[in-house]
Amino acid sequence: MATRGTGMRGTVLRRVALATVAVALAAGCTPDAAGPGTGAAGPTKAPAPASSVPGTATPTSGATPDDKPPSPSATSPSASASTGTPAPKPLMGDGDESEQVRELQARLRQLDHFDRAPTGFYGTMTAGAVKKFQKRRDLPVTGSVDDATWQRLLSVTRKPTADELKPSTTNKLDTPDPRCMTGRVLCISKESRTLAWMIDGKVVSSLDVRFGSENTPTREGLFQVEWKAREWTSTIYHTPMPYAMFFSRGQAVHYSADFAARGYNGASHGCVNVRDRAKLSALFDQVKVGDKVVVHW
Numbered sequence: 024m025a026t027r028g029t030g031m032r033g034t035v036l037r038r039v040a041l042a043t044v045a046v047a048l049a050a051g052c053t054p055d056a057a058g059p060g061t062g063a064a065g066p067t068k069a070p071a072p073a074s075s076v077p078g079t080a081t082p083t084s085g086a087t088p089d090d091k092p093p094s095p096s097a098t099s100p101s102a103s104a105s106t107g108t109p110a111p112k113p114l115m116g117d118g119d120e121s122e123q124v125r126e127l128q129a130r131l132r133q134l135d136h137f138d139r140a141p142t143g144f145y146g147t148m149t150a151g152a153v154k155k156f157q158k159r160r161d162l163p164v165t166g167s168v169d170d171a172t173w174q175r176l177l178s179v180t181r182k183p184t185a186d187e188l189k190p191s192t193t194n195k196l197d198t199p200d201p202r203c204m205t206g207r208v209l210c211i212s213k214e215s216r217t218l219a220w221m222i223d224g225k226v227v228s229s230l231d232v233r234f235g236s237e238n239t240p241t242r243e244g245l246f247q248v249e250w251k252a253r254e255w256t257s258t259i260y261h262t263p264m265p266y267a268m269f270f271s272r273g274q275a276v277h278y279s280a281d282f283a284a285r286g287y288n289g290a291s292h293g294c295v296n297v298r299d300r301a302k303l304s305a306l307f308d309q310v311k312v313g314d315k316v317v318v319h320w
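Numbered according to our numbering, the sequence shown spans residues 24 to 320.
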């Protein structure tokens, strides 16, 4: 009987042990769960320790779900602040070429910030004129035109005329001498290096001109057209003088191929040189012997 009792107790103990193991497996606990993965359920990851701060997750590795890289806002909430909001693209800037640039130059010229005929091309001279305007109007001095600069310029200038947008001379016309305000007159300014053909105080057309050198200066004063020659060659210098209109002892208004080629790098022998042959041809047909000529500063 004692042997049988002992056997029964062994059997009961084995059954209790097996039941305990089954409960443990059902609860997810395995032998060596934190070890190298030798438990019956295979390798598992050790559970992360609870966070010490309520409501916060415990830091893990850098990988995010699905192994996607973290977004910039997640890694650096101040990313947008550090890079800043991109500045708006200027309306006009260096290298631009358009009719709006031409209008910009014409408006700047009204304010004496741009001293030549509008070209429609935004280069260093235009940038310098814009900087001058921005400085005087307490705007950021950038040299490019943003909306604030453009709106301020529109508010202090008027819409350019067709002649202001595409003037007949590169140089800006000077204020006419008082002697130019009556009758038919070739009003020639040494200050602005321009010739204005005027009738009764109104400018009909205008041309760029250059004058004699220090050794052969162009005479100043009130004259009149003495005679004209469509084709003429200087009897002193033996150079062509097309569309010559003589006004003072051999000095004349005439076309100069050298002026057309070299600009103001050269000078005449005292005559008033014109570089636009087509416009001078048209003027030659309008001017009459006896019309006034005024050469002034």
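Just so you know, even glycine gets a beta-carbon here, dropped at the ideal spot from N, CA and C.
- Here DSSP, grouped into helix, strand and coil, assigns Ala-152 to helix.
- Counted as a single uninterrupted DSSP element, the stretch harbouring Leu-230 is not any alpha helix (DSSP H) but the beta strand (DSSP E) occupying residues 225 to 233.
- For Lys-302, the uninterrupted alpha helix (DSSP H) segment begins and ends at 300 to 309.
- Taking C-alpha positions only, Ala-284 is separated from Pro-263 by approximately 14 angstroms.
- Closest in alpha carbon position to Gly-289, among Val-164, Thr-239, Met-268 and Gln-157, is Thr-239.
- With a cutoff of 8 angstroms on beta-carbon distance, Glu-120 and Gly-151 are scored as not near each other.
- At a Cβ-Cβ threshold of 8 angstroms, Gly-293 and Gln-247 do not count as neighbours.
- DSSP links Ala-219 through a beta bridge to Cys-210 and Ser-229.
- C-alpha of Leu-230 to C-alpha of Asp-281: approximately 16 angstroms in a straight line.
- Under the three-state reduction of DSSP, Leu-134 is assigned to coil, being neither helix nor strand.
- When the alpha-carbon of Asp-170 is set against those of Pro-113, Cys-203 and Gly-224, the nearest one is in Pro-113.
- In the three-state reduction of the DSSP assignment, Glu-254 falls in the coil class.
- Judged by DSSP in its simplified three-state form, Ser-271 adopts strand.
- For Val-316, the enclosing beta strand (DSSP E) begins and ends at 315 to 319.
- Ranked by Cα distance from Thr-180, the options Ala-129, Thr-192 and Asp-223 are led by Ala-129.
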